[in-house]
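Note that the numbering used here has the sequence shown beginning at 7, numbered continuously upward. Before any comments, here is the structure.
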Amino acid sequence: MLRNRIGDAFAQIDEQLKQRYDLIFNLVEIARGYMVHERTTLEELANARNAAQTATQTAAQNPVDATALTAMAHAEGALAGILGRFFAIAETYPDLKANQNMMQLSAELTTTENEVAFSQQAFNESVMDFNAEAQSFPAVLFAKLLGFHRAALLQPLEAGAEQKTPVIPL
């Protein structure tokens, strides 16, 4: 039952991330017409989106696999870093910044990011409940025999650059 809750909780994350990937795809398509000189950034963003989507699909197959969750967190972190750079560059294009579709997609992406964070918290709570139950008596006697192993927590989906203290040039 608790293992099923982990799967259900991950399914919520998966659903939110699918929505996020669709929004990012649409952002890239809108920006493509405005940011003709930023082709490399748009390609990096599209590639990072695809890599994150693949990592999420892999993790969805076994949401208690620590290796898959770590790969997903790294892919999502890379995507977040490139997405941040994309928005910084987009700020230099006034027509793009004023585009109604771009503003709407940006707002939807912000909402989706919040929903991903809430879904991640619910997933981690399910994992903690599962791990606590597997370590309690009498379950601890049978857990390993029945193939139940400690489930991994999902680490924050942040870019490596966001985890470091920013350096402000003088």
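Note that beta-carbon positions come from the ideal geometry of N, C-alpha and C, so glycine has one too.
For the alpha helix (DSSP H) containing residue i, list its first residue and its last residue.
i: Gln-161; result: Unbroken run through Gln-161: none, as it is neither H nor E.
i: Ser-132; result: 106-140
Which of the three DSSP states is assigned to residue i in this structure?
i: Asp-71; result: coil
i: Tyr-27; result: helix
i: Met-41; result: coil
i: Glu-49; result: helix
i: Glu-97; result: coil
i: Ala-143; result: Looking at the sequence provided, one finds Phe at residue 143 rather than Ala. Looking at Phe-143 - three-state DSSP - the assignment turns out to be coil, as it is neither helix nor strand.
i: Arg-91; result: helix
i: Arg-11; result: helix
i: Ala-157; result: coil
How would you call residue i, buried or exposed, if buried means at least 16 neighbouring beta carbons within 10 angstroms?
i: Leu-176; result: Residue placement at Leu-176 is poorly supported in this model, since its pLDDT is 41, which falls under 50; the coordinates are not used for a value here.
i: Asp-101; result: exposed
i: Met-134; result: exposed
i: Met-108; result: buried
Using a Cβ-Cβ cutoff of less than 7 Å, which residues in the same chain neighbour residue i once the five nearest sequence positions on both sides are dropped?
i: Ala-81; result: Ala-57, Ala-58 and Ala-61
i: Gly-34; result: The amino acid occupying residue 34 in the given sequence is Val; Gly does not appear at that position. Closer than 7 Å at the Cβ level, and outside the excluded window around Val-34, lie Leu-48, Leu-51 and Ala-52.
i: Leu-85; result: Ala-54, Arg-55 and Ala-58
Go through its chain and collect everything with a Cβ distance to residue i's Cβ below 8 Å, but skip five positions before and after it.
i: Ala-128; result: Ala-15 and Gln-18
i: Met-41; result: Thr-47, Leu-48, Ile-95, Ala-96, Tyr-99 and Leu-102
i: Ile-36; result: Leu-102, Asn-105, Asn-107, Met-108 and Leu-111
Excluding the 5 residues flanking residue i on each side, which residues of the same chain have their C-beta closer than 6 Å to its C-beta?
i: Tyr-27; result: Arg-55 and Gln-59
i: Glu-44; result: Ile-95
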